[in-house]
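Read in order, the letters of the sequence shown correspond to residues 0 to 484 in numbering that gives the first Met the number 0.
Here's the structure we're looking at; comments come further down.
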Amino acid sequence: MKFSFLFLLPSLASTVLADVFNPDPSSFPDWSKVSKFDPEIYVQLKRMSSPALSPNRKNVVYSQYQYNIGDDASGTNLRLVDLTKGFDSVMDLTDYIYKQGDSSPVWIDDSTIAFTAVRGSPASNIFTISTVDQKITQLTNFTNDVSGLVYSKEAGRIAFISKVYQGMGLDQSADERQRIADLPSSGVVFHKLFVRHWDEWIYQDRNQLFTIPVSNNNGVVKTTGDPVNIVASYTGEWGLEPDTYEFSPDGKNILYSAKIEGREEAWQTEAGVFWSPADGSSAPVRLNSNFKGAASSPACSPDGSSIVWLQMATPGYESDQNQVILYNIKSGSQTRLIPDFTRSPSSVSFSDDSASLILGINYNIDEALFKLDISSGTLTRMSGNGSFGFVSQVSEDSYLVTVNTLQYPTSLFMISCGSDQSYNTSQITFENKDVLDRLWFSPTYNFWFNGALNDSVQAMVLYPYGFDPECTYPVFYLIHGGPQS
0 MKFSFLFLLP SLASTVLADV FNPDPSSFPD WSKVSKFDPE IYVQLKRMSS PALSPNRKNV
60 VYSQYQYNIG DDASGTNLRL VDLTKGFDSV MDLTDYIYKQ GDSSPVWIDD STIAFTAVRG
120 SPASNIFTIS TVDQKITQLT NFTNDVSGLV YSKEAGRIAF ISKVYQGMGL DQSADERQRI
180 ADLPSSGVVF HKLFVRHWDE WIYQDRNQLF TIPVSNNNGV VKTTGDPVNI VASYTGEWGL
240 EPDTYEFSPD GKNILYSAKI EGREEAWQTE AGVFWSPADG SSAPVRLNSN FKGAASSPAC
300 SPDGSSIVWL QMATPGYESD QNQVILYNIK SGSQTRLIPD FTRSPSSVSF SDDSASLILG
360 INYNIDEALF KLDISSGTLT RMSGNGSFGF VSQVSEDSYL VTVNTLQYPT SLFMISCGSD
420 QSYNTSQITF ENKDVLDRLW FSPTYNFWFN GALNDSVQAM VLYPYGFDPE CTYPVFYLIH
480 GGPQS
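Encoded structure:
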C-alpha cells in the first residue's frame, strides 16, 4: 500500500504546531475589539444538516435549524445555493417558521425536491417543492412519521424509515400506538433484551425500511402504490432496523446495514449488510454472514459491479478496526482492501468512475478524507484540518463536503485537485459569518505525551477568552473513554 499526503488547505489552518506552554503574546488579539463565545451564542447558531447535490450538480439544498433564546422557539427550513454563483445566491427555499420543521431533502429532478414535514398533516409526511416557483405539494398523508428519504429515478421509488409494529403498516401502527397510550395503566412488558439503549426505551415497534412507488411527470410527483416493508420478510428474528441504505444504480435492489437481533443482541455488535429487491418481492440476502462483528457504511459502485462496506471482525468489540471489504456482486467474492493500514475508517463511498474509494478516517485530531485507488492500493489524503462529513462528487477533480472545526460549525466547502495533484479547498456557505466575525476563537494547539502503558497520546490546547500569557491559570483537563476506547 502506498500512502501519500497531497493537500493544501490554507483556509482550514486551525491546528497549530507551536510551544503550547509558552504562547506568543502577539497571537492574542486586543480583547476590547472582540467578543466572547458563550453558551447563549452557541445554542442560537444556525445548524446545517442533510445537504444534497442536484442531479446536474449545479445546486445544493440543505436543511437549517435555528433556535431563538428570546422566544424559546426554533424551526428548521430548507436553503438552496447555486454552486456556480456562490453564497450570494443563497435563498430560503421554504420559509423559516417557529415550530415548523422541513428536513431530509432529496432531489427528484433538477428542479424538484422531496422533503419531510408535518405542515398540518397528521404526522411527518413526504412533500415536494419546486425550485422554480417554490410551490409545495403534499405527497403522502400517513398517520405514522416517516424520515430519512432516499430517491431512485431508476427504481421509481422513494425509500424511508418508519417505526411500526410487527405485521402492521404505517397507519395501523399509529392506531396501535394510540391504543396503548389510551390504556388506563402505563406498565410495559419487555420480552427480550435490549430493554434500553442509551436514552431510549426499546419497545415493540421498530424502525423499518419502506419503499413507495412514485411517478414524476415534469415535476408533478405522485405516489402510484402503497409502501412496502423491505425487511418484513427477513428470515431471522423480527425487528431488523436498517440504518444506512441506498438503491443500486439500476434501481432493482436496495442495499442497507442493520444490527442483528437475537438473545445476545445487548452485548454483541454483530451487524449485517443486506441486499433486497427494491419492491420487497423477496427476502433480504445477507452479504457478510462470515463476520460476527459490526458492519457499517455500505455503498454500491456506480458501474453496478461492486459493493463496499466497513467491517469489524471481532464479535462484541466496539472499538475493533474497521476493515474495508470490497464485494463482487457477480461472483459473491470478498476482498479486504489496504489490509496493512493501521487506522480505522469511519465512512466509505465510491468515486463516480468506480475506480476509487473516498474514505473518512480519524487521523490524529482530524476526521480526514482520503482517496484510495482500488487497483494500486495508493491512499492519498485529500483534506487538511477539521472534521469532514458529507461527501458528494461534483466533477472529476472536485468534491462538495461538509467541514467543522473548533473555530466554526458545519459548513459546505469544495475540495478540488489541482494540476500539481495537490488538493485545495474553498468555502461555499457562510451561514454564521455575521456572528462569528465578532468573536474570538483560540487556534487549536496540539502536543504529544506518553500515556498509560507508554502509549503516545495526542492532546489539544485551546486558550480562553482574555488570556494573558504572563498570568498563571488552572487547567481543565477532560479525559473521556473506557476499556474499548
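By construction, the Cβ of each residue, glycine as well, lies at the ideal position given by its N, Cα and C atoms.
Candidates Ser441, Ala277, Glu153, of which the one nearest tryptophan 30 by Cα: Selected option, being the one with the closest Cα: Ser441.
Should threonine 83 go down as buried or exposed, given a rule of 16 or more other Cβ atoms within 10 Å for buried? exposed
Classify aspartate 109 as helix, strand or coil using the three-state DSSP reduction. coil
Beta-carbon spacing of valine 227, phenylalanine 209 below 9 Å: Closer than 9 Å, so yes.
Where does valine 89 sit, in a helix, a strand or coil, going by DSSP? coil
Can you give the Cα-Cα distance for valine 131 and threonine 111, rounded to whole angstroms? 8 Å
Going by C-alpha to C-alpha distance, which of Arg335, Pro22, Ser25, Asp71 sits closest to valine 491? It is not possible to answer for residue 491, since the shown part of the chain is limited to 0 through 484.
Start-to-end residues for the alpha helix (DSSP H) that takes in proline 38: 38-42
Please report the Cβ distance between alanine 294 and serine 256, rounded to the nearest whole angstrom; I am assuming they are in contact, meaning their Cβ atoms lie under 8 Å. Rounded, the Cβ-Cβ distance is 5 Å, consistent with contact.
Which of helix, strand or coil DSSP assigns to aspartate 81: For aspartate 81, the three-state secondary structure derived from DSSP is strand.
My understanding is that asparagine 206 touches glutamate 240, with C-beta atoms under 8 Å, so please give their C-beta distance in whole angstroms. 4 Å
Taking the DSSP output, what are the residues bridged to asparagine 67? Ala72
Work out the CA separation of glycine 238 and isoleucine 414 for me, nearest whole Å. 40 Å
Backbone CA spacing between lysine 291 and threonine 234 [nearest angstrom]: 17 Å
Is valine 434 helix, strand or coil when you go by DSSP? Taken through DSSP and simplified to helix, strand or coil, valine 434 comes out as helix.
Using 8 Å as the Cβ pair cut-off and three pairs as the minimum, do the region 125-139 and the region 170-179 touch? no
Cα-Cα separation, phenylalanine 36 to threonine 313: 43 Å
Would you kindly work out how many angstroms separate the C-alpha atoms of isoleucine 157 and threonine 471, rounded to a whole number? 59 Å
Under the DSSP definition of a beta bridge, which residues are partnered with glutamine 457? Trp447
Which residues DSSP lists as bridging serine 410, in chain order: Val402
In whole angstroms, what is the alpha-carbon distance linking valine 390 and valine 187? 42 Å
One or two residues paired with asparagine 361 in a DSSP bridge: Glu366
Serine 410 vs threonine 401 beta-carbon contact at 9 Å: yes
Ignore the nearest five residues each way along the sequence and tell me which others in glycine 85's own chain have a CB closer than 8 Å to its CB. Ile427
If I'm right that glycine 155 touches isoleucine 229 with Cβ under 8 Å, what's the distance once you round it to whole angstroms? Actually they are not in contact, since the Cβ atoms of glycine 155 and isoleucine 229 sit about 15 Å apart, beyond 8 Å.
Among Asp91, Ile96, Leu336, which has the Cα closest to the Cα of glycine 74? Ile96
For arginine 176, three-class secondary structure by DSSP: The three-state secondary structure of arginine 176, taken from DSSP, is helix.
Report, in whole angstroms, the separation of the C-beta atoms of leucine 371 and isoleucine 337, which I expect to be a contact under 8 Å. 7 Å
Which same chain residues, not among the five before or five after alanine 12, have their C-beta less than 8 Å away from its C-beta? Residue confidence for alanine 12 is low, a pLDDT of 42 falling below 50, so the modelled location carries little weight and cannot support an answer.
Limits of the beta strand (DSSP E) - the one that lysine 162 falls within: Where lysine 162 is concerned, the enclosing beta strand (DSSP E) stretches over 156-163.
If you check the beta carbons only, do glycine 303 and arginine 285 fall under 9 Å apart? no
Return the chain-ordered list of same chain residues with a C-beta closer than 6 Å to the C-beta of leucine 405, the five sequence neighbours on each side being excluded. Thr443
Could you please give the first and the last residue of the uninterrupted beta strand (DSSP E) stretch that includes glycine 388? 386-394
Cβ atoms of alanine 173 and threonine 142: under 9 Å apart, would you say? yes
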